[in-house]
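In full-length UniProt numbering, the protein residues as written are 1 to 237. Even glycine gets a Cβ: it sits at the ideal position worked out from N, Cα and C.
This is the structure we're talking about:
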């Protein structure tokens, strides 16, 4: 069976040689070249509309390799999520392979895990205000940096997923905050000091266009109700 490639007649053995080269690049994690070769195979398949058998064969080979390649790139994305340039590159590759949703989910999950890990490193040593200072600094710094990177790496149409993720992190922070303040007098000096500190740190989200200050200190139910009532604090400034 012959197919036309760049004006030349090639057989399916030639296709197999291209796939072999792709497999080698995947094995050695030469991601840039591998992504380009997958795109080349997909474009070739699309050009063979009159040859369904060859088109299906090439599409199957390309999809099979794209899935494996996406798995490797996703793993690297998770491992290097705190590096902007690498995140931008990995997300770009996954988007070209058709796995942009996976990139979004993997990145946000990795960032959520980082918040949980860093927050556990904040140790309460008797000074509640200092503890809340450290905890809120960790939460809102990572949320801000995550949103900033997301804005740089993903298209605006996916931004709602990042805003949703950010709100979930604020919900988690509020749960910890409520638990820590449960033994203090509501409206008292300690309570107010901790609350003011948390709200002050939440202001850094304004740098990436988010305003969650009004949500700080609310329990999960109140936050969810406000989300249903309107976009206050849940969108861009």
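Pair within 9 Å by beta-carbon distance, residue i and residue j
i           : j           : result
residue 197 : residue 133 : yes
residue 142 : residue 115 : yes
residue 29  : residue 72  : yes
residue 140 : residue 205 : yes
residue 33  : residue 25  : yes
residue 146 : residue 103 : no
residue 149 : residue 88  : yes
residue 154 : residue 100 : yes
residue 97  : residue 180 : no
residue 12  : residue 54  : yes
residue 86  : residue 76  : yes
residue 200 : residue 191 : no
8 Å contact criterion, which residue i and residue j should meet: CB distance rounded
i           : j           : result
residue 38  : residue 69  : 7 Å
residue 119 : residue 135 : 6 Å
For residue i, the nearest candidate out of the options (CA to CA)
i           : options            : result
residue 91  : 165, 35, 24, 187   : 35
residue 44  : 110, 31, 23, 14    : 14
residue 78  : 50, 111, 46        : 111
residue 160 : 80, 51, 209        : 209
residue 40  : 65, 144, 27        : 65
residue 81  : 165, 113, 16       : 113
residue 202 : 131, 137, 51       : 137
residue 163 : 178, 117, 131, 105 : 105
- Message: Check whether the segment 208 to 220 and the segment 170 to 189 are in contact - that is, three or more C-beta pairs closer than 8 Å.
- Response: Remark: three or more beta-carbon pairs, one from each stretch, lie closer than 8 Å, so the segment 208 to 220 and the segment 170 to 189 are flagged as touching.
- May I ask you to verify whether the segment 120 to 128 touches the segment 44 to 63, counting CB pairs closer than 8 Å and requiring at least 3? Because the criterion of three Cβ pairs below 8 Å is not met, the segment 120 to 128 and the segment 44 to 63 do not touch.
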